[in-house]
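Okay, so the sequence shown: first residue is 1 according to full-length UniProt numbering, each after it adds one.
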Amino acid sequence: MNCEDRNVLRMKERERRNQEIQQGGGEAFPANSPLFPEPYKVVSKEDKLSNRIQ
Numbered sequence: 001m002n003c004e005d006r007n008v009l010r011m012k013e014r015e016r017r018n019q020e021i022q023q024g025g026g027e028a029f030p031a032n033s034p035l036f037p038e039p040y041k042v043v044s045k046e047d048k049l050s051n052r053i054q
């Protein structure tokens with residue numbers, strides 16, 4: 001397979017993927033879902049620096 005054949009196949013595959021994405025319609029994540037729904041780690045710090053920041 002020469003370079004031109006590979007380029008043609010690459011372009012066809014790119015077009016196929018683009019059409020697949022456009023036809024999908026649905027989003028992977030709903031638009032109203034929060035990016036970070038709840039904290040990963042909840043830490044209760046009662047030191048001077050934490051109190052000053054708060």
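The beta-carbon is built from N, C-alpha and C at its ideal position, and this holds for glycine as well. In this text the structure is predicted, and so the values were computed from the model without any measurement.
Boundaries cannot be given for LYS41, as no alpha helix (DSSP H) includes it and DSSP labels it neither H nor E. Per the coordinates, the alpha-carbon of GLU13 lies some 56 Å from the alpha-carbon of ARG52. A straight-line Cα-Cα distance of about 28 Å links LEU35 and GLU46.
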